[in-house]
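The numbering of the sequence shown is this note's numbering, which starts it at -10 and goes up by one.
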Amino acid sequence: MGLKRKLMRNGNGWALCINSTLLNLLEIDPQTDMVCYNMENDILKITKSEHKKETRLQES
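Written out as structure tokens, the structure is:
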């Protein structure tokens, strides 16, 4: 069983929207976490990365 999702146009490429239920199951906070994706045969695997997004302090 799997979820069927449409791809959306994003600039010169295409994007896959990941809903909040899947983000919660993967324990991903899109504000701070990054994801890692790998191709194995013809399967795309998306996992939570051990790296975090860089946060930049805004200058006053």
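A virtual CB, placed ideally from N, CA and C, is assigned to each residue, including glycine.
Since the structure is predicted, the reported quantities are computational estimates derived from the model, not experimental observations.
Quiz item: In whole angstroms, what is the alpha-carbon distance linking ASP31 and ILE7?
Solution: 20 Å
Quiz item: In chain order, which continuous runs of the alpha helix (DSSP H) of length 4 or greater are located wholly inside the segment -5 to 20?
Solution: 9 to 14
Quiz item: So, is SER49 buried or exposed, given that buried needs 16 or more other C-beta atoms within 10 angstroms?
Solution: Low per-residue confidence applies at SER49: pLDDT is 49, beneath 50, and the placement is therefore not dependable, though the value from the model is reported in the following sentence. Exposed, since its Cβ has fewer than 16 Cβ neighbours within 10 Å.
Practice problem: Taking the CB atoms as reference points, tell me whether LYS37 and LEU11 lie closer together than 8 Å. | Solution: no
Exercise. Taking 8 Å as the cut-off, decide whether the C-beta atoms of MET28 and LYS41 are in contact.
Key: no
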